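Trainee: After the structure tokens below, expect a handful of questions from me.
Residue numbers (the working numbering): 9 to 224.
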């Protein structure tokens, strides 16, 4: 049996829907499933503009488009359509997160930082996405130019370095896919460098990501 909307005037129901959206966006689900009347009320600009969607923005892979690491197919986050509706309505939370996405991909330091931070929290899809964008627009992966951006990131993080180094140890994941260099030579480089972190270009990104993970 489908969900039915209560038999009350639209103007009153619209106020109720807006109060629901202002509290928690995910409570709008049953209203959206109630048919055309429910969808029309939820998708009103005044409802979407003030909707509280902080929890929706907690996982970037739900909001943005990214390339599937196994198939290579460009996929859209499951909440991207709703996110875009909120963006068009002028929701300030959405404008902030969409602005971060656009700026991150335009700036090399921000792009590689997003990629490495995604590794730290175990979000492999977004790590691949940001690293691919970095490799295309800023510096080819596995080259000397990556070190320039990597060392800048380390310098920026050093004042905020944590005393403990275990916050993201369990969630850290290094993406193993086409286009992202594997750290096969990492141990050999560690032995050869004798503690001076003189790693080759192929495994530098792996060591950089591990170092950042320990710092935050």
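Ideal Cβ placement from N, Cα and C applies to all residues, glycine included. Keep in mind the model is a prediction, meaning the values are calculated, not measured.
(1) What does a CB cutoff of less than 6 Å around residue 143 pick up in its chain, not counting 5 residues either side in sequence?
(2) Below 8 Å on the Cβ atoms is my guess for residue 128 versus residue 180; work out the distance and round it to an integer in Å.
(3) Do residue 35 and residue 97 come within 8 Å of each other at the CB atom, strictly closer than that value?
(4) Between the alpha carbons of residue 49 and residue 25, how many angstroms are there, rounded?
(5) Whose C-alpha, out of 33, 32, 29 and 46, is nearest the C-alpha of residue 17?
(6) Run through DSSP, which three-state label would residue 9 get?
(7) Just to confirm before moving on: does the CB-CB distance between residue 62 and residue 20 stay below 8 Å?
(8) Between the alpha carbons of residue 9 and residue 85, how many angstroms are there, rounded?
(9) In angstroms, rounded to a whole number, what distance separates the CA positions of residue 107 and residue 217?
(10) Kindly indicate which three-state DSSP category residue 217 falls into: helix, strand or coil?
(11) Let me make sure I understand the geometry here. Which of 40, 219, 52 and 91 has the alpha-carbon closest to that of residue 159?
(12) Put residue 67 into one of helix, strand or coil per three-state DSSP.
(13) Specify, as a first and last residue, the run of the alpha helix (DSSP H) that residue 126 falls within.
(14) Let me check understanding here. Comparing Cα to Cα, which of 214, 53, 60 and 166 lies closest to residue 192?
(15) Pull up the distance between the alpha-carbon of residue 155 and that of residue 221, whole angstroms please.
(16) Could you have a look at residue 193 and say whether DSSP puts it in helix, strand or coil?
Mentor: Per the coordinate set shown:
(1) As a first step, residue 143 must be located in the chain shown, where it is residue number 135. Here the set comprises 149.
(2) Locating residue 128 in the chain shown gives position 120, where the first residue counts as 1. Locating residue 180 in the chain shown gives position 172, where the first residue counts as 1. Yes, residue 128 and residue 180 are in contact; Cβ-Cβ is about 6 Å, under 8 Å.
(3) By 1-based counting over the chain shown, the position of residue 97 is 89. By 1-based counting over the chain shown, the position of residue 35 is 27. Against a cut-off of 8 Å, the Cβ pair of residue 35 and residue 97 comes out as no contact.
(4) As a working note, residue 49 is residue 41 in the chain shown. As a working note, residue 25 is residue 17 in the chain shown. Whole-angstrom Cα-Cα distance: 7 Å.
(5) For the purposes of this step, residue 17 is identified with residue 9 of the chain shown, where counting begins at 1. Among 33, 32, 29 and 46, the Cα nearest to that of residue 17 is on 46.
(6) Counted from its first residue, the chain shown places residue 9 at position 1. Bear in mind that a pLDDT of 43 at residue 9, under 50, signals an unreliable position, so the number given afterwards is only what the model happens to contain. It is coil, neither helix nor strand.
(7) For the purposes of this step, residue 62 is identified with residue 54 of the chain shown, where counting begins at 1. For the purposes of this step, residue 20 is identified with residue 12 of the chain shown, where counting begins at 1. No.
(8) In the chain shown, counting from the first residue as 1, residue 9 sits at position 1. In the chain shown, counting from the first residue as 1, residue 85 sits at position 77. A caution first: residue 9 carries a pLDDT of 43, below 50, which makes its placement in the model too unreliable to give a value.
(9) Counted from its first residue, the chain shown places residue 107 at position 99. Counted from its first residue, the chain shown places residue 217 at position 209. Cα to Cα, the separation comes out at about 25 Å.
(10) For the purposes of this step, residue 217 is taken as residue 209 along the chain shown, with counting starting at 1. Three-state DSSP puts residue 217 in a helix.
(11) To locate residue 159, count along the chain shown from 1; it is residue 151. Cα-wise, what sits closest to residue 159 is 219.
(12) For the purposes of this step, residue 67 is taken as residue 59 along the chain shown, with counting starting at 1. Residue 67: coil per DSSP, three-state reduction.
(13) Numbered from 1 along the chain shown, position 118 holds the residue referred to as residue 126. It spans 116 to 128 - the alpha helix (DSSP H) in which residue 126 sits, taken as one unbroken run.
(14) Looking up residue 192 in the chain shown gives position 184. Nearest of 214, 53, 60 and 166 to residue 192, Cα basis: 214.
(15) The residue given as residue 155 occupies position 147 in the chain shown. The residue given as residue 221 occupies position 213 in the chain shown. Computed Cα separation, rounded: 17 Å.
(16) One-based indexing of the chain shown puts residue 193 at position 185. Three-state result, residue 193: coil.
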